[in-house]
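Please read the structure below before turning to the comments.
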Amino acid sequence: MPAPGGFSYDAYGDGTVTVAHHGRPVTTLRGERARRFLAEVDSGDPQQVMARWTGNHRRGNERTARDHPRNRR
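Residue 3 is where the sequence shown starts when you use this note's numbering, and the numbers rise one by one after that.
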């Protein structure tokens with residue numbers, strides 16, 4: 003599976019963080035969750051962190067599993 007890509011985030015002065023994927027808003031974080039997110043992005047691979055926080059890290063496997071013979075009807 004390819005590495006996650008296309009994610010970006012914007013942090014605002016009021017503590018709000020918005021995460022986008024290919025320019026489309028995915029999630030908005032506020033308060034403690036926004037602070038934890040920013041700390042994790044600074045300490046790890048930002049693309050992987052954003053994919054995990056938005057739930058998009060599973061997309062490749064789900065697409066592959068859909069085509070598996072046992073899942074066809």
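Glycine is no exception: its CB is placed at the ideal position from the N, C-alpha and C atoms.
Counting C-beta atoms within 10 angstroms of its own C-beta, residue 6 has 16 or more neighbours from the protein chains shown and is therefore classed as buried. In summary, residue 41 is exposed, with fewer than 16 beta-carbon neighbours lying within 10 Å of its beta-carbon over all protein chains present. Assignment of residue 30 by DSSP, reduced to helix, strand and coil, places it in the strand class. Pairing residue 10 with residue 29, the inter-Cα distance amounts to about 11 Å. A direct Cα-to-Cα measurement between residue 57 and residue 8 gives close to 14 Å.
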